[in-house]
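Working notes for the structure below.
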């Protein structure tokens with residue numbers, strides 16, 4: 260699994276490594292900037308370019324750009340331009356050290372005052388390095404930087420773009436845009452990925468992610484809160500038991516699917532199809548009478564039972580559900596269930612009493628509050644989209660979308676459930 264951190268956690272890891280563990284910030288920046296330079300030099304070789312233009316902000320991201328500049332000179336790139344957007348006296352800390360080294364190497368920065376000033380100096384046959392903000396951006400872009408970023412967006416054509424950590428203008432944690440942003444061909448990720456590399460606009464703008472190992476002590480990662488890892492194909496494969504040649508439908512897992520209503524028969528049908536597709540040996544379903552023929556039409560291998568009501572599932576279906584649970588290993592509740600009060604009462608009863616792992620989706624979530632899922636007799640998994648999640652947590656969809664990881668963790672704490680927040684990423 261690949262480690263990912265929020266922008267704030269990245270800052271805490273940096274502080275711990277440098278202030279507590281004695282890691283040199285100057286050395287970290289030197290290693291980061293060299294990785295950017297090596298990436299740019301390779302890009303120049305591939306694209307037959309001899310010119311690199313580096314856009315450096317006032318913080319550590321800009322410091323990485325200063326290192327990249329003098330390392331590119333060592334890589335024998337003939338033309339390296341460095342653009343800065345504030346006076347030299349405002350550059351401090353580790354970035355200042357590398358700024359001075361860059362100047363000593365004979366690379367003198369170009370101070371930009373306006374977007375037009377920047378536009379007049381851009382080269383269409385250059386590789387661009389975006390070292391303006393990185394993950395340090397935490398408020399909307401404004402002033403000169405807004406003007407410059409609009410200029411870069413407008414002028415960008417075929418120039419390859421390399422971003423340092425994350426394209427400038429993208430929030431390092433949420434992936435949301437805080438201003439205009441250049442789409443990168445490659446984003447060089449320092450030490451670890453950031454959550455914004457994988458979410459929303461950040462995911463679309465990062466291009467190919469290129470991780471760079473930096474000498475962070477393992478102990479510094481104790482500050483990586485919340486802990487986040489990237490779930491890849493191999494992550495899942497390692498946890499799935501391979502089928503044996505002797506396996507059959509009774510050993511491959513039995514799923515019970517509860518849902519559907521006269522108005523929404525399709526959702527439970529799709530969910531049942533997915534259960535079979537994922538490898539369930541037996542799929543049983545309890546649905547309203549009006550849904551049964553639809554489900555059987557699409558799934559001839561399913562074992563379909565009908566409830567007491569033609570339109571919806573109701574509390575009088577409980578005895579049959581309990582009986583079916585005795586033949587099942589896991590239960591799905593909610594797709595197409597509807598929001599009738601009778602279905603809501605059924606949902607709350609099942610959540611409290613079912614002794615099997617229970618996946619709660621769609622309308623099942625409408626009937627629940629976080630406290631309804633506490634102290635359940637078996638694992639509960641909730642699979643909301645952002646709107647359903649906002650209702651469950653009594654907040655707005657926009658709030659959820661701007662901090663999906665944090666709210667997922669909070670919901671897991673409140674409910675004791677496993678949370679799978681669905682969305683475009």
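Numbering (the numbering used here), first residue to last: 260 to 684.
Glycine is no exception: its CB is placed at the ideal position from the N, C-alpha and C atoms.
Asked: Whole-angstrom distance between residue 648 and residue 522, CA atom to CA atom; Found: 23 Å
Asked: Alpha carbon of residue 492 to alpha carbon of residue 498, nearest angstrom; Found: 10 Å
Asked: Nonlocal neighbours in the same chain, by C-beta distance under 7 Å from residue 461, ignoring five residues either side; Found: 425, 429, 434 and 455
Asked: Integer Cβ distance of residue 566 from residue 558, believed to fall under 8 Å; Found: Wrong, their Cβ atoms sit about 17 Å apart, outside the cutoff.
Asked: Runs of alpha helix (DSSP H) lying entirely within the stretch 570-655, each at least 4 residues, in chain order; Found: 577-584, 600-612, 622-625 and 645-652
Asked: Sub-9 Å separation of residue 395 and residue 431 beta-carbons; Found: yes
Asked: Sufficient close CB pairs (3 or more, under 8 Å) joining the stretch 344-358 to the stretch 314-322; Found: yes
Asked: Beta-carbon separation (whole angstroms), residue 364 vs residue 332, contact threshold 8 Å; Found: 6 Å
Asked: Where residue 293 sits in the DSSP three-state scheme; Found: helix
Asked: Per-residue DSSP class, three states only, for residue 383; Found: coil
Asked: Residue 400, buried or exposed, once every other Cβ within 10 Å from all chains shown has been counted against 16; Found: buried
Asked: Local Cβ density within 10 Å of residue 551, reported as buried at 16 or more and exposed below that; Found: buried
Asked: Proximity of residue 441 and residue 412 at Cβ, strictly below 9 Å; Found: yes
Asked: Residue 452 (DSSP reduced to helix, strand or coil); Found: strand
Asked: DSSP state of residue 310 mapped onto helix, strand, coil; Found: strand
Asked: Option in 613, 390 and 564 with minimal Cα separation from residue 317; Found: 390
Asked: Any 3 or more C-beta pairs closer than 8 Å across the stretch 530-538 and the stretch 501-518; Found: yes
Asked: Span separating the alpha-carbon of residue 292 from that of residue 509; Found: 57 Å
Asked: Cβ-Cβ distance between residue 650 and residue 676 below 9 Å; Found: no
Asked: 6 Å CB neighbourhood of residue 594 in its chain, flanking five on each side removed; Found: 518, 526, 527, 530, 620 and 621
Asked: Stretch pair the stretch 331-348 + the stretch 266-280: three plus CB contacts closer than 8 Å; Found: no
Asked: Assumed close pair residue 596, residue 589 - CB separation to whole angstroms, cut-off 8 Å; Found: The pair is not a contact, with the Cβ atoms about 17 Å apart (cut-off 8 Å).
Asked: Bounding residues of the beta strand (DSSP E) (the contiguous stretch that carries residue 343); Found: 338-343
Asked: Nearest neighbour of residue 451, chosen from 274, 469, 636 and 643 [CA to CA]; Found: 469
Asked: Residue 397 in three-state terms, based on DSSP; Found: coil
Asked: Contact set for residue 674: own chain, Cβ-Cβ below 6 Å, skip 5 residues either direction; Found: 629 and 632
Asked: First and last residue of the uninterrupted alpha helix (DSSP H) at residue 697; Found: For residue 697 there is no data in the structure shown, the boundaries of the chain being 260 and 684.
Asked: Per-residue burial, residue 486 [other beta carbons within 10 Å of its own, 16 or more giving buried]; Found: exposed
Asked: Beta-ladder partner(s) of residue 470, from DSSP; Found: 448
Asked: Paired residues, beta bridge with residue 498 - DSSP; Found: According to DSSP, residue 498 bridges with nothing at all.
Asked: For residue 652 and residue 328, the rounded distance between their alpha carbons; Found: 48 Å
Asked: C-alpha gap between residue 306 and residue 315, whole angstroms; Found: 23 Å
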